[in-house]
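Residue numbers (the working numbering): 5 to 93.
By construction, the Cβ of each residue, glycine as well, lies at the ideal position given by its N, Cα and C atoms.
Shown next, in structure tokens, is the structure this report addresses.
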Amino acid sequence: MPNTKSAKKRLRQNVDRRGVNRAQRSEMRGQLRRVREAVAAGEIDRAESEYRVAAKRLDRAGATRLIHPNTAARLKSRLQRLIKSAKAA
Numbered sequence: 005m006p007n008t009k010s011a012k013k014r015l016r017q018n019v020d021r022r023g024v025n026r027a028q029r030s031e032m033r034g035q036l037r038r039v040r041e042a043v044a045a046g047e048i049d050r051a052e053s054e055y056r057v058a059a060k061r062l063d064r065a066g067a068t069r070l071i072h073p074n075t076a077a078r079l080k081s082r083l084q085r086l087i088k089s090a091k092a093a
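Shown next, in the form of structure tokens:
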């Protein structure tokens, strides 16, 4: 347990931020899942609209360092490739 006043404040901030980060990460992962499910179901139009939301969430997560920016770019690229290959098939 923290002893100093500043350490107590830091603990409060960490708890609040962890909650925000967990919520954002969960929403991001859920959105990625929705894109993959739409592609698997063959619903390309829905997959593309879900991808737009997913890309926004990934960009935001990368900008706030929730995930590494390169990881966000890699995930976006993989989703695009998945949609493109589903379109071609």
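Residue i to residue j span [Cα, whole Å]
i: Arg16; j: Gln28; result: 19 Å
i: Arg37; j: Arg14; result: 34 Å
i: Ala59; j: Asn18; result: 27 Å
i: Glu41; j: Lys12; result: 44 Å
i: Arg50; j: Met5; result: 49 Å
i: Asn74; j: Arg22; result: 22 Å
i: Arg26; j: Val39; result: 20 Å
i: Leu70; j: Ala93; result: 34 Å
Closest residue to residue i among the options (Cα-Cα distance)
i: Val24; options: Asp49, Thr68, Ala92, Arg85; result: Thr68
i: Ala76; options: Pro6, Lys91, Glu47, Arg33; result: Arg33
i: Ala65; options: Glu54, Ser53, Glu52, Lys80; result: Lys80
i: Leu83; options: His72, Arg26, Ala44, Ile71; result: Ala44
i: Glu96; options: Arg78, Arg22, Lys88; result: This structure cannot settle anything about residue 96, because the visible part of the chain is limited to 5 through 93.
i: Asp63; options: Gly46, Gln35, Arg85; result: Gln35
i: Leu86; options: Glu54, Asn7, Arg26, Asp20; result: Glu54
Cβ distance (whole Å) where residue i is taken to contact residue j below 8 Å
i: Ile48; j: Lys91; result: 6 Å
i: Arg61; j: Glu31; result: 6 Å
Uninterrupted alpha helix (DSSP H) stretches inside the region 11 to 88 (no shorter than 4 residues): Within the region 11 to 88, the complete alpha helix (DSSP H) runs of at least 4 residues are 48 to 67.
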